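Working notes, beginning with the structure itself.
There are 2 protein chains.
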Amino acid sequence: MNKGQAITIALDAMGGDRGLPVVIESALEVMAQALDLTLILVGQEDAVVTELRRHGVEPSERLVVHHASQRVEMDDLPSAALRNKKDSSMRVAINLVKEGVADACVSAGNTGALMATARYVLKTLPGIDRPAIAAALPTIRGHAHMLDLGANVGCLPEHLFQFAVMGAVLAAAVDGNPSPTVGLLNIGEEEMKGNEQVKEAARLLAASDLNYIGFVEGNDIYLGTADVVVCDGFVGNIALKTSEGVAQMITHYMKKEFMRTPLTRLAGFVAQPVLQAFRASVDPRRYNGATLLGLRGIVVKSHGAADVFAFAQAIRATIQEVRQALPTRIVEHLGMLLQQRSET
Amino acid sequence: MNKGQAITIALDAMGGDRGLPVVIESALEVMAQALDLTLILVGQEDAVVTELRRHGVEPSERLVVHHASQRVEMDDLPSAALRNKKDSSMRVAINLVKEGVADACVSAGNTGALMATARYVLKTLPGIDRPAIAAALPTIRGHAHMLDLGANVGCLPEHLFQFAVMGAVLAAAVDGNPSPTVGLLNIGEEEMKGNEQVKEAARLLAASDLNYIGFVEGNDIYLGTADVVVCDGFVGNIALKTSEGVAQMITHYMKKEFMRTPLTRLAGFVAQPVLQAFRASVDPRRYNGATLLGLRGIVVKSHGAADVFAFAQAIRATIQEVRQALPTRIVEHLGMLLQQRSET
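Read top to bottom, the protein sequences are chains W and R.
If you read the first sequence in the working numbering, its first letter stands for residue 1381, the second for the next number, and so on.
If you read the second sequence in the working numbering, its first letter stands for residue 1381, the second for the next number, and so on.
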């Protein structure tokens, strides 16, 4: 994983449903693989050090403990977290990015509070009105990047355009794909369908130099029709959660059928290695680590319920974003597109 | 299936991707089971009769052929179908409902044209501003009804309220559940989340006598958290299509893993009966037949790609709606709720 560039990442050690134990174990796992990586563990100093020692590890130059006295709870209102928890592990981790001490930060904490705090502390990139949440999703062809997944409810066409630019830069950087295809999520492929917001955004995208392929429908997300799928945060969040629900239901019925009789259990035993390989190929944990795109700094959100495997994936995704200098690339590409638009 | 009430259903015999052969075979299958059912096959008379004879069947009193010279194509614009295809099989089938000749009609044709034509010919029920598309979806607990699935883009809170009433009446009638739970699809369960449209709709629902349980998220659809899930047609259509995509992707990866080596193929062979039973339990064809709710008449939309099994299910769902006198029940319940609202 290491390619010679020294990288420092701040981890919100207190965030997430499972908190400290998962963060520390993931940190140690990734550290063992990435030689030029420094991790700053932000949280209650005593608790963090105790948890490290449970693994027989002492704080070091590459594994720094940074004290923060507070913790943002999963049900804290974003406004309250912003106002009352200025020394939370989440806020302090973001501050470290702002101060240039860390190249990026990762948190499994409250999404609303993370977005509000990151936006307040880091500010948005020039040309970006609203940051968006982007994540990679598995598809039949590999994976696609989708945004916004819930940061913005009620977007203007211009916001969708900015999301498209950020998504295309993300796909280019992460996948090494110089011209990723961009689709706009809609309820039909015909130009006359959809609401005014997507129709106007379609006009902006068609006039840009992005590799815009037109409207895509919900099923196209997982068919891999587009490398980047753009939508409003309300729609994106519902599509994402709906996908989780479908997968859970399918798993439920599959288990139920294999558990029905001794004979079906035997069949399940025989098929187990195959079913495991199948589950691994659609395992959402592999795709853990949603990016808060559009900020002057890299902030990655891990799923709140992430386990060690999933949280380590989020740290690895963050390393890749730092290597690719994502925010700088977004500013450059957006500047170029807006320049072109003003010239025409 | 037959409970003594004579029922007449008009079938758009020319609609759908697979057209006449599927409609005729489904019709014959359902006819064999429902003794007091009369089906009116609407379409090109020669073609319909020829197709019947292929099955060794002649038109009869219970299997009437009704000529219609035109066909709505899947890519016809709704407005063009309405204006230029006044003798289409779809339009004539709806006319038969309007004239009281048929109790309901079923079409696998172009959704937009079907909705536009049904609305134009039949008109909406008193108290209903906009008809909605409702369908049953499988859940971990059984099934749930969801609406709107794509008829209305950009709904007012009042429209969502009307959808909730219609959905609750549908669930009560079809499932015999006197007080179905109603959830409003949103991006979080907290009251402060979501857009203004759902927040205001939530206030209307909370003040009604519906069994309103609050906001539900995308994953709740398939967990069966609510018996009725209410949303705007843009969001509903994307959630539905996204679900199809996830299921397709999961099937794709499962097949791929079982086909990988001779050994995994053997495991697949052993597990086949279980996998088949599992597929049957989440088979979307079992849930074919979306209802156009809120019209002065019963119109059911079959999936365009429906096969005989699926189209027959749509006819059966239609029979049930006729038996339950769905439109009358909706008017009664809505009238009662609006009465209560005006009194408070």
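Note that the Cβ used here is the ideal one computed from N, Cα and C, for glycine as well.
Because the structure is a prediction, the values reported are computed rather than measured.
- Taking C-beta atoms as the reference points, F1658 (chain W) and G1648 (chain W) fail to come closer than 7 angstroms.
- In the DSSP annotation of this structure, the continuous segment of the alpha helix (DSSP H) that includes Y1500 (chain R) starts and ends at T1491 to L1502.
- Here DSSP, grouped into helix, strand and coil, assigns P1558 (chain W) to coil.
- A direct Cα-to-Cα measurement between N1490 (chain R) and I1618 (chain W) gives close to 26 angstroms.
- Here G1399 (chain W) is buried, its C-beta having at least 16 other C-beta atoms within 10 Å.
- In this structure, the straight-line span from the alpha carbon of L1585 (chain W) to that of I1387 (chain W) is close to 35 angstroms.
- For P1458 (chain W), the enclosing alpha helix (DSSP H) starts and ends at P1458 to N1464.
- Using a Cβ-Cβ cut-off of 7 angstroms, K1621 (chain W) counts as an interface residue toward chain R, since at least one Cβ of chain R sits closer than that to its own.
- The beta carbon of V1679 (chain R) is closer than 6 angstroms to those of C1485, A1498 and L1672 in its chain, skipping five residues each way along the sequence.
- Secondary-structure assignment with DSSP links Q1450 (chain W) through a beta bridge to W:S1468.
- Considered as a whole, the region 1594 to 1676 of chain R harbours 1598 to 1603, 1613 to 1638 and 1642 to 1661 as its complete alpha helix (DSSP H) runs of no fewer than 4 residues, in chain order.
- Taken through DSSP and simplified to helix, strand or coil, I1389 (chain W) comes out as strand.
- Around the beta-carbon of H1683 (chain W), 16 or more other beta-carbon atoms lie within 10 Å, marking it buried.
- Judged by DSSP in its simplified three-state form, S1722 (chain W) adopts helix.
- Inter-segment contact for the region 1592 to 1600 of chain W and the region 1597 to 1609 of chain R is absent: fewer than three beta-carbon pairs are separated by less than 8 angstroms.
- Any Cβ of chain W closer than 7 angstroms to the Cβ of S1661 (chain R) would place that residue at the interface, and such an atom is present.
- DSSP places K1573 (chain W) outside any alpha helix (DSSP H), giving it a letter other than H or E.
- Listed by position along chain R, the residues whose Cβ is nearer than 7 angstroms to that of N1575 (chain W) are V1533, G1534 and F1614.
- At least one CB atom of chain R sits nearer than 7 angstroms to the CB of H1632 (chain W).
- Between the region 1432 to 1439 of chain R and the region 1461 to 1472 of chain R there are fewer than three C-beta pairs closer than 8 angstroms, too few to call the two in contact.
- With a cut-off of 8 angstroms on Cβ pairs, the region 1693 to 1710 of chain W is not in contact with the region 1521 to 1538 of chain W, counting fewer than three such pairs.
- Excluding the 5 residues flanking it on each side, V1549 (chain R) has same chain C-beta neighbours closer than 6 angstroms at R1709, I1710 and H1713, in chain order.
- Listed along chain W, the residues sitting closer than 7 angstroms to V1626 (chain R) by beta-carbon distance are Y1602, S1623, V1626 and A1627.
- Not flagged as an interface residue toward chain W: E1453 (chain R), since no C-beta distance is shorter than 7 angstroms.
- N1464 (chain W) counts as exposed, since fewer than 16 other C-beta atoms from the protein chains shown sit within 10 angstroms of its C-beta.
- Rounded to the nearest angstrom, the gap between the Cα atoms of G1616 (chain W) and G1530 (chain W) is 6 angstroms.
- In the structure shown, S1406 (chain W) falls within a helical segment according to DSSP collapsed to helix, strand and coil.
- Cβ neighbours of P1506 (chain R) within its own chain (closer than 7 angstroms, five residues either side excluded): V1711.
- In the three-state reduction of the DSSP assignment, L1505 (chain W) falls in the coil class.
- Among the residues of the region 1507 to 1535 of chain R, those with a Cβ less than 8 angstroms away from any Cβ of chain W are P1518, T1519, I1520, G1530, V1533 and G1534, in the order of the chain.
- Non-local C-beta neighbours of N1591 (chain W) in its own chain, meaning closer than 7 angstroms and more than five positions away in sequence, comprise S1559, P1560, T1561 and V1562, ordered along the chain.
- Counting along the chain, the unbroken alpha helix (DSSP H) around V1428 (chain W) starts and ends at E1425 to R1434.
- In the DSSP annotation of this structure, A1414 (chain R) is not part of any alpha helix (DSSP H), being labelled neither H nor E.
- Under the three-state reduction of DSSP, M1394 (chain W) is assigned to coil, being neither helix nor strand.
- Contact annotation, G1604 (chain W) with G1522 (chain W): C-beta distance approximately 6 angstroms; criterion of less than 8 angstroms satisfied.
- Bounds of the beta strand (DSSP E) holding I1678 (chain R) are I1678 to K1681.
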